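Numbering (our numbering), first residue to last: 240 to 423.
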């Protein structure tokens, strides 16, 4: 059953939400090392921020490597099925651009155990796409790894069937497993 909203949103509400999202995206991204893009990954419940960050990188139309500080993401709430679906839909819509421009992801996480688990999980999830996944303890190490990824040969985007079906591994590309989340 569909419900009708009896009162339209207040004028400017959409613009305010858009401005807030833009501000949060800007605060979480650092283009100063471009084409290595440093991002502070938001928690899973803030997926629109992640999608907007990735879209900002794609809009440049240039190859890049993502350097992602994962501390907040892993310390946040686990991803819900609805959030997984939203991530899969985002990837489906942006598949060609993402895989043709992104040369790889480098996760930054100081905790050695969590970093190893995140790296294993990330590599497993990205195996179908061929997107390189690395992990480092420090930002400096991560930037060096990102530069190496950028210097490698240009990867070809994964081939997709006509309907652009997303594999289960690709659906989880931006999703971490619960056992690697930090307990606070």
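Beta carbons are placed, not taken as given, at the ideal position from N, Cα and C, and that holds for glycine.
It should be emphasised that the depicted structure is a prediction, and the values quoted were computed from it without experimental measurement.
Can you give, in chain order, each stretch of the beta strand (DSSP E) that sits fully within the stretch 245-315 and has at least 3 residues? The qualifying runs are 275-279 and 303-308.
On a Cα-Cα basis, can you pick out the residue from 351, 342 and 336 that is closest to residue 310? Of the candidates 351, 342 and 336, the one whose C-alpha sits nearest the C-alpha of residue 310 is 351.
Can you look up residue 369 in the DSSP assignment and give me helix, strand or coil? Note: residue 369 maps to coil in three-state DSSP.
By DSSP, does residue 355 sit in helix, in strand, or in coil? Three-state DSSP puts residue 355 in a helix.
With burial defined as no fewer than 16 other Cβ atoms inside 10 Å of the residue's Cβ, what is the status of residue 281: buried or exposed? Buried: at least 16 other Cβ atoms inside 10 Å.
Considering only C-alpha positions, which residue in the set 369, 308, 370 and 286 is nearest to residue 316? The option with the nearest alpha carbon to residue 316 is 286.
So, with DSSP's three-state summary, where would you put residue 385? Correct three-state label for residue 385: helix.
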